[in-house]
Amino acid sequence: MPLSSKRTDSTEKVYDLTEESIAPGVKSLLMLEDDLAFADMLRVFLESNSFKVTLATDGVAGLHRVMTADFDIILCDLVMPNVPGDMFYVAVERTKKHLCKRFVFMTGYKTDPKWNGFLSKVGGPVMAKPFALADLLSTIQTVLTENALGGPETN
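FYI, our numbering numbers position 33 of the sequence shown as 1243, with every residue one higher than the one before it.
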């Protein structure tokens, strides 16, 4: 299935999503989610799909994890205690910029002007809660493929 990424010059870059696009093996995933029941459900699902999941329940804990390891995917809730998802992203952008293209955001507040503005600015994929687990897995695989192929183009 082709994946396209709009570029600023209005041409479209197309990737072929084949089995070979993503290197085989277990992928590391940092999940920032303060709802423990939801996080546990996601963890079980993701681990059953070959992800090694590290959980952080707020942005401070997430920053500690990011400083000690790189992750293939960062699954980040926006509304969290202490350091919310947008501030966590900014901190990662300042310390480990290469990880920014690995974010997948989750939120139940996608239409809130504060979050909508942030999400529009960073342009990363967003999972609007509630979401289907199959959609989450597809989004994660798309991000992994784009990163493996060196895309998408950024401004």
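In this text, a Cβ means the ideal position worked out from N, Cα and C, and glycines have one as well. Please read all numbers here as calculations on a predicted model, not as lab measurements.
- Three or more beta-carbon pairs separated by less than 8 Å are not found between the stretch 1292-1304 and the stretch 1338-1354, which leaves the two stretches without contact.
- Annotation for Val1270: Asn1292 and Val1293 place their beta carbon closer than 8 Å to its own, counting only its chain and skipping 5 residues before and after.
- In the structure shown, Thr1267 falls within a coil segment according to DSSP collapsed to helix, strand and coil.
- Only residues of its own chain outside the window of five on either side were considered, and among them Thr1267, Asp1268, Asp1287, Met1290 and Pro1291 have a CB closer than 7 Å to the CB of Asp1244, listed in chain order.
- Partner residues in the beta bridge of Phe1261, as assigned by DSSP, are Lys1237.
- In the three-state DSSP reduction, Met1337 falls in the strand class (E or B).
- Where Met1290 is concerned, there is no enclosing alpha helix (DSSP H), because DSSP gives it neither an H nor an E.
- Residues of the same chain with a CB within less than 6 Å of the CB of Leu1240, apart from the 5 flanking positions on each side, are Thr1264, Arg1275, Phe1281 and Ile1284 in chain order.
- Counting the other Cβ atoms within 10 Å of the Cβ of Thr1321 gives fewer than 16, which makes it exposed.
- The Cβ-Cβ distance between Leu1246 and Gly1295 does not fall below 8 Å.
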